[in-house]
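Enquirer: Each residue of the sequence shown is one higher than the one before, counting from 129 in the working numbering. Below is a structure I'd like to ask you about.
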Amino acid sequence: MGERPEPRRRLTMPTKDQLLREAADKEALAVTFLRYARALPEALEDLPSRPGDYEPFWRGPAAQRFITQVLRLRRELDDLEDDCLATAESLRRRARRLREQAAQVAGPA
């Protein structure tokens, strides 16, 4: 017994409304990424990150491990902030292209 071939799917062009909706969704997601990126620098703001910040009350290997970890996390958060900003910019570019594409599609807005 032979297998049935997959039925062919009709490719349809997205409507103007669909393109504009997708563009709006991407813009909204970009705003979310920007909000997260702006909040990241504050995440570790109050943690001591210099020996002078904690030496009066905390000394020894555990304190050094803590400060090393805080510095590593700050670098990682800086990278994450950069990634969020880059993603937001990419989403905005894609939204702009979708709006340009929608402007070329005939039909209701």
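Using N, Cα and C, we set each Cβ at its ideal position, and we do this for glycine too.
According to DSSP, is Glu-183 part of a helix, a strand, or is it coil?
Expert: coil
Enquirer: For my contact list, Leu-199 and Ala-151 are in at a C-beta cut-off of 8 Å; report their separation, rounded to the angstrom.
Expert: Wrong, their Cβ atoms sit about 40 Å apart, outside the cutoff.
Enquirer: I need the DSSP call for Leu-205, collapsed to helix, strand or coil.
Expert: Of the three classes helix, strand and coil, the one that applies to Leu-205 here is helix, per DSSP.
Enquirer: Within its chain, find whatever has a CB closer than 7 Å to the CB of Leu-172; leave out the 5 residues flanking it on each side and keep chain order.
Expert: Val-198, Leu-201, Arg-202 and Leu-205
Enquirer: Taking its Cβ as the centre, do 16 or more other Cβ atoms sit within 10 Å of Pro-139, making it buried, or is it exposed?
Expert: It is worth fixing the name first, because residue 139 is Leu in this sequence and not Pro. Here Leu-139 is exposed: its Cβ has fewer than 16 other Cβ atoms, across all protein chains shown, within 10 Å.
Enquirer: Classify Phe-185: buried if its beta carbon has 16 or more other beta carbons within 10 angstroms, exposed otherwise.
Expert: With fewer than 16 other Cβ atoms inside 10 Å of its own Cβ, Phe-185 counts as exposed.
Enquirer: In terms of residue numbering, what span does the alpha helix (DSSP H) encompassing Glu-152 cover?
Expert: Rather than Glu, the amino acid found at residue 152 in this sequence is Ala. Start and end: 144-167.
Enquirer: Is the beta carbon of Thr-215 sitting closer than 9 Å to the one on Ala-158?
Expert: yes
Enquirer: Let me check understanding here. Comparing Cα to Cα, which of Leu-147, Glu-131, Pro-133 and Pro-142 lies closest to Ala-223?
Expert: Leu-147
Enquirer: Please tell me whether Leu-219 and Leu-168 are closer than 9 Å, where the distance is taken between their beta carbons.
Expert: Cβ distance not < 9 Å, so Leu-219 and Leu-168 don't count as in contact.
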